[in-house]
Structures are given as C-alpha cells and as structure tokens.
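One structure is given below, encoded as structure tokens.
Protein chains in written order, with the working numbering: chain A, 21 to 420; chain B, 2 to 555.
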C-alpha cells in the first residue's frame, strides 16, 4: 500500500515543481514569449522527465551486490541496458557525423537531414549485413564445432567462470555462442531476406495486375487472398510445415526450401493488399490514362508508369515485412519446425538456451546467453523499423 | 461606403518580413510589405501563385503555418501587437474579432459534425452567445446569405450541401461572432461561374451590412474588382502597388500591373466559314452515354473541322468531360458514333489501331497528375515519338529537341528534369508537347488553363493558337471560362445536363438572342468593371442569378 502513497506524493511534488518552474521562469525572464506561452502540461512533462532521469541515475549507482554478497539482479541488468543505450547513442551519433562529412553531396545532405534513430537503424543493418556475408571469415569457430568446455559463462573473465577464448561463452554442449550468433545472422537473416523478396515478387506482381486489369481477375485474386488471410498465419505455417516435413525427405528437397516457400506465400497476401491499394491510386491518374490511350501494353503500364510511383511505400513495407518474416522464422525455429540443427539460428538458440533465464535472480551472468540471441533479433527489428519510419516520413512529405 | 482615413486603422502591418524553411535554409516569402486597413474597408490582395498572398493573409491574423516565421516587422490589430502578443490574448481575438474563410470549404469543414454544430462552436467558446442564441443567429445569417431552407440546412452534414452553399455556410460561420476583420482566401476559386456569382453577391452584401473589414485574396482580377475598395498587388513577396479599385483599374502605374490587366485582351481573328461540303476532322453524331445504368449524355452531336477550335462550355456536371471520354474511347457510347475524317472510329479505345489512337490526343486539366512524377521530361516527350514512329538514338533526340523548341522550352535545360522541378505553366507545356509528339490531327484540351494564373494561362493559349496555325490542328476546348472561349474559339457548343443546348459560331454566340442558359452563363462571367455586379443585381434581382436561376429554367 505504501508504494502507492509514495507514488502519489512524488506525482504531487512533480506537479508543484512544474508550476513553480513555469511561474519562476516567467518572472525571471520578464515574460519571454517561450515561457509565457508554455502550457502547464508541457511544464509538467519536463519536470516529469527530469524526475525519471534522476531516478535512473540514482538507481544506476545502487550497489550490484547486497552486503551479504548476493547479486542484485535488477540493478545489474539495468546497468547493462543503460550501457547498451549509451553505446548505441554514441555509435549512432558518430555514424551520423561521419556520414555528414564523408561521401557525395547527396549522401552528406541525406545524413544531415536524417534523425538519429534512422542513422542508428542504418548502422545496425550495415553491421548485420557485413556479419552475415563474411560470417565464415569473422567467426572464430565453426557453427557446429563442439569445443572442450560446456556451459562457459560469458564475459571472458576466468574469475567469474568465463574463458577468454569464448568471450560470449559456450552453450550446454560446448559450442561457441559468439560464432553461432554470427552464423545465425547468415542463416536467419539470409533466409528471411530471400523469403521476403519472394513474397514481394509474388504479392506485388499479382497486386499490380489486379489493380491494372481489374474485373474478374481482381475479384478472384482478392477473394483468394481474403481466404488465406482469414487463417491465423503462424498456425497456418505450422500446419503446412508439418505436412512439408513428411514430403521433404520423400522428394529429396531440404525442408528449408519448403519453409521459404510457405512463408513467402503467406506473407505475399499482405504485400498483395498493399500493392493493389497503392497501384489502385496510381492507375486512376491522368498519366496512366494517357499511356492507355497511346495504346501501351500491360508491361509498359506496370513497369514504367505504376512501379516507379509505388516504390516508396513498397520499400517501406519491405522493411516491415522483412521483420515479420524474420520473426516468423525465429518463431518456427523456436517451435522446432524451422531451420534445423546443427545450423545455427537465433530462434533455435533462444529455445535451446531458454532454461538459463531461470538463473537471472541469483546469477545474472548465467542468464545472459538466451538474451544474446533474443537481443540480436530485437536489435535488427528495431533497426529496420527505425529506417522504415524515416522512409515513410520522407515519402509522405510530412515536415517535422 | 465612406471610409474615414483619419481614424486609427483597424489593421496595420509595417515592414513585414516572412521566411519559410526549405532545403535546410530560411528563404524569404514576404519582403517588407506594409498594409493598412480601416474599419469597414475591403482590401483586395492579388498576385500569381507563390506571390505570398495567403501567407500574408494568415500573418494578418498573427499566425504562420508550420515552417514559416515572422522575421521582422509588426502586425497591429486595433492597437494589439499580434507578433508579440501572448497566445492567450491571440486566442481571445481569433475567431471572435478576426475570422478566416478558406479556399476549399469542403476540405475545411469537419465531415463528422453537422454544420450548425461547427457554426456555434466559436460564439459559445468565446462566450458571445449561448448555444440556443447562436443556433438562432446562424439561421438568421443563413437567411441573409440566401441559403435555401435556412431553418433546416444547418442540421445537415457538410457533404449533404453543394459547394457554393458550403462556401456561404463558411462565410456565415466566420460572421458568427460579428468579427471586425475577415480574411477571405480565394473563396470562389473552386466554384463554377454561376455558383461563384451567388457567393460573391452574398459575401459582398453581408460584409456591407455589418460594416466588416475584409482582406480578399484572389488571383482573379474581375472578382477583386467587384469586391474590393482598394487593391494591393504582390509579386513574389514584393509589394508592387496599392490604389483604390477604380484608380487601379483605370490607371495602373507599374508595368507588372499593366501586364496583368492586359491579359484579357487576347483574342484571335474570326476565321472564314467552313465550306459546306468539307469533311469534318472529327464528328460526334447522336451520342448517348451512361455511367453504369445512369444516363449522362443525350443525343450529343457536333462537328470539328480542320484547323478550327470548338469550345465546349457548361458548368461542372454538364457532360463536357464525359463527351471527351466518349471521343477518346474510354467510355464507349451506348448509342451514336464518332467519325474521324469521315470514317467511323471503333467505340472502345482498345479496339482502335495505333494510327487511330495517334490521331486523337488529349491535354489534361491538372498537369500534376497528367505527367508521371518519376519520369524525366525528355522521356515523357520521347515515348510517343518512339512508340508511334519507332525513332531511336539521335533521330529521337532531335525530334524531342524540335518539339521542346515548339513549346518554347530549352531542351538543354529541361530535358533531364522531373515534372516536380517545373512550374505549373511549364508542366502544361510538357503536356502539350506530349500530345504534339504523336503528330495528331485533333487534340482535346480539357480545361487546360483553369489551374493556371492568368498571365501563364494567356501564354498557354497563345502557344496553342500558334501551334494550330502552324500545324493545322483541330481543338476541342473544354472550359467553363468564357474569357478563354472569347480568346481562342471559332465555334461554341453549350452543354447543360448532358444535352447540347446551343451551338454556333463565336460571333453569333456572343450576340443576343441567346438560349436562356447561354445567357445566364454569359452574364455570370465577372467583368473588370467595378460596377458590373451592382448593375447585374439591379437588372436581374438577387433571385435571378446563379444556381437559383438554373433551377427556374425548364
């Protein structure tokens, strides 16, 4: 009960300080326009923000161990999260600064005008791309190699149960987690990328066709898509994967190929909807009518008139769709029907290492391995979404 | 009205500089403009698009759009410094003592609320009246503005009333607190002539009755001549000149103002009569058409001869553009036929061959939507050349250069530009070049000048006339602006509700007797004479102008 009273007191204090701040600044600056026209709610917001920052600072410097020597997990994880945020901020800022001065006039201008979140997103995607492409060169060990020590803790510090040879530790059967994370970028991200491209080829082509031709083809495709979308996608994918698991060995085709096809088809329904809607707005334009009256064929209409004007929303959707595909693959792998061992995959890694999360309360370091793979997934998703937000903002022509 | 210039003015703008944020820098929009407005005075603010009229109009309320700032200068309304006034003080003024009427009433009303709900908002908020009083007052205002069913119309949603009525409802809304100043931002630009005249008459009437001062922003000189006591001309953010309306119309001082005034003088000489046995280039014969099951065209027939321009006039919804769609084959007629050079054209454009498609070209009203924004100017023009004549490489480039010279744009500068990097008039020229590239006999011009400023529009009309003389083209000119008709047409077809009501040579059309509808159209076009509206109202009475008169016609 007392926690609620404390909370209430704090809120009232913030409200009072906010009012004092506004009044004080109004008097001190002799009613400068900014403070004069500042609504009370905004002043409250400022003080509230400052209070949160103060609390975070205070919490950050709490001891990580009790006097009895037991670790305090909340402070430990909070410190790691804060350190991660600060590093991310510095990297994003540095990257933006670098881009603002190095490169062509077009790219420097782009970097100067982009928000910090977008530069962070681009940096993350670049790092992932490099890791995925050069995985065999970068990774210190193979993804399937079983090394001497199992369950080495991350950190590389022998005193805390680590091993400098494996900076992020090893998993329960002794495979190097760092190497598997790097190979996982190749497997998970690479397969997600191929799947997304395939989904776009199918969805955008059919969507453009439906919008341009209209009539019964549009009806047929749209209703078929409605039917596919009516079934929950993950359950549907699971069902199809179960069937494919029986067929795959019989036909001699790897199960991964089936997974790519199944996810591509399911996700292409969403792409179809978007492509059809976007193209529907374009085909009613006068320039398309002019091309039709000129006697242009379907190919010209779609590729020269519609496609160039649909790229911005489609690209933004590509980013989002990529995240969803990637999460679906991770989810399928987590459930055991996705990418098969011994190939490294982030979803599988989360599943395999998941029990360690139970150690979080009394051995924070031991709980880290499953969080690493989950964090890799989260980081890429966040990064891609930052880029997509920025692109949508630009293509919609909104200012600030 | 007599205006006492010795009293302190209502609105005083001194040396105002406004800047807009674009391309990482502040660029000037208004450069040191002064403006003085007395109580009860109407000031006309004119200039081309981009002259900063609207920005200045908003600045008169102490308001700037996002990305615009007041760099220096003062705006003083009745002794209150609006630039430095606290928000709370401005809030108390705006809507109560200063009101704003936007260009598009349809886009400015909230479609989710009834009109009267939006009308009462300002008086109730400002504590001028309570809701019941305000509703009653609204009905009285609607009656004064001659809206049909004033008791009931406020309880409709915005989409349930016509554009002209909505614009008047918006004027009533601006009037709801009896403000001292109203800013009208092009209130009639989006309306038909017959609707415009009603709105103009009612705005003028109500502004007069309540002795309200107004700033009337427009690019139509004839309109401003009716409305304003004084006129101020702006050119790219610079003040050009200010004078009383009559003075300004009779004796403009600056060259720019003179050129604006001279626009309406363009008129082509009458061409000799067509020989009786000549085969028309294009002949529309007894065409009926319908959208779905709704019939929209009834027995439309007219001929267009080589080297002639036929203007098709009528208000929106009269079937002008639908006729064009029938000719191009986008909307196959349900009955009748279209003849090209005496040969019947297949009704559906998909069944026409390349040569038939080539002969009939079209220039669109909105150059913005008629040019693909992602394709360069050079590619836009070269595509038809390549498509119809199969030219490639240097021959293609040479042909495109020739075409660009014909439309008076330098190919070296404009070849690689995207449509977004051109002005409205230049875009329209590219549209013309694209039509010419097909080497057609016949071009449909669908309201090609209605989205352009008058000077630019005149340039386009002169270009079209020149091309007609050089290439012996035939034009079908769809328009609702009779000044354009007077400038360019040889023959006129008047349409109303999908039927041709009158057709003939231009001279006959502009001399009485007319069909009553033609007469109404002709009489509704504002003239530069400042007494025109007053005289017209005296002659006809308020109930015999505009849409009210259309309703009475059989």
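Glycine included, each C-beta is placed from N, C-alpha and C at the ideal position. Predicted model only: the values in this text are computed from it and were never measured.
Taking a Cβ-Cβ threshold of 8 angstroms, none of the residues of chain A is close to residue 78 of chain B; the smallest such distance is about 17 angstroms. Within the region 454 to 489 of chain B, the complete alpha helix (DSSP H) segments at least 4 residues long are 455 to 472 and 483 to 489, listed from N- to C-terminus. In the structure shown, the three-state DSSP call for residue 38 of chain B is strand. In terms of beta-carbon proximity, residue 325 of chain A lines the interface with chain B, with at least one pair separated by less than 7 angstroms. When Cβ pairs closer than 8 angstroms are counted between the two stretches, the region 187 to 203 of chain A is seen not to touch the region 268 to 288 of chain A, the count staying below three.
Residue 467 of chain B and residue 223 of chain A have their C-alpha atoms spaced approximately 49 angstroms apart.
In the three-state DSSP reduction, residue 220 of chain B falls in the coil class, being neither helix nor strand. The Cβ of residue 345 of chain B sits no closer than 7 angstroms to any Cβ of chain A. Beta-bridge partners assigned by DSSP to residue 21 of chain B: B:28 and B:69. With a minimum length of 4 residues, the unbroken runs of alpha helix (DSSP H) contained wholly in the region 342 to 382 of chain A fall at 366 to 373. Judged by beta-carbon spacing, residue 518 of chain B lies within the 7 angstroms limit of residue 502 of chain B, meaning their Cβ atoms are closer than that value. Counting only runs of 4+ residues, the alpha helix (DSSP H) found wholly inside the region 260 to 320 of chain A occupies 275 to 303 and 306 to 314, in chain order. Within chain B, 370, 371, 372 and 373 have C-beta atoms less than 8 angstroms from the C-beta of residue 307 of chain A, given in sequence order. Not a single C-beta of chain B is nearer than 7 angstroms to the C-beta of residue 238 of chain A.
The beta carbon of residue 405 of chain A does not come within 7 angstroms of any beta carbon belonging to chain B, so the residue lies off that interface. Residue 71 of chain B is classed as buried because its beta carbon has at least 16 other beta carbons within 10 Å across all chains shown. By the C-beta density criterion, residue 255 of chain A is exposed, having fewer than 16 other C-beta atoms within 10 angstroms. Residue environment: residue 320 of chain B is assigned as buried (16 or more neighbouring CB atoms within 10 Å of its CB, all protein chains considered). Taking all protein chains shown into account, residue 87 of chain A has fewer than 16 neighbouring C-beta atoms within 10 Å of its C-beta and is therefore exposed. Under the DSSP definition of a beta bridge, residue 51 of chain B lacks any partner. For residue 329 of chain A, the closest C-alpha among the options B:374, B:74 and B:136 is that of B:374. Contact between the region 161 to 174 of chain A and the region 196 to 215 of chain A is present: 3 or more CB-CB pairs across the two stretches fall below 8 angstroms. Residue 252 of chain B sits exposed, since fewer than 16 C-beta atoms from the chains shown fall within 10 Å of its C-beta. Excluding its 5 nearest sequence neighbours in each direction, residue 323 of chain B has C-beta neighbours in its own chain below 7 angstroms: 290, 297, 298 and 332, listed in chain order. Within the DSSP secondary-structure output, residue 303 of chain B pairs in a beta bridge with B:285.
Scanning chain B for C-beta atoms nearer than 8 angstroms to the C-beta of residue 310 of chain A yields 363, 365, 371 and 435, reported in chain order. The C-alpha of residue 210 of chain B is placed about 10 angstroms away from the C-alpha of residue 41 of chain B. Restricting attention to alpha helix (DSSP H) runs no shorter than 4 residues, the region 71 to 150 of chain A encloses them at 93 to 121 and 125 to 133, ordered along the chain. By the neighbour-count criterion, in which 16 or more other beta carbons inside 10 Å mark a residue as buried, residue 389 of chain A falls on the buried side. Here residue 55 of chain A is not near residue 47 of chain A, since their CB atoms are 7 angstroms or more apart.
By the neighbour-count criterion, in which 16 or more other beta carbons inside 10 Å mark a residue as buried, residue 431 of chain B falls on the buried side.
Residue pairing by DSSP places residue 190 of chain A opposite A:196 in a beta bridge. The C-beta separation of residue 425 of chain B from residue 453 of chain B comes to about 5 angstroms, placing the pair in contact by the 8 angstroms criterion. Residue-level contact by beta carbon holds for residue 355 of chain B and chain A, with a gap shorter than 7 angstroms. Chain-ordered listing is empty here: chain A has no CB closer than 9 angstroms to the CB of residue 417 of chain B, the nearest sitting near 15 angstroms. Residue 375 of chain A sits exposed, since fewer than 16 C-beta atoms from the chains shown fall within 10 Å of its C-beta.
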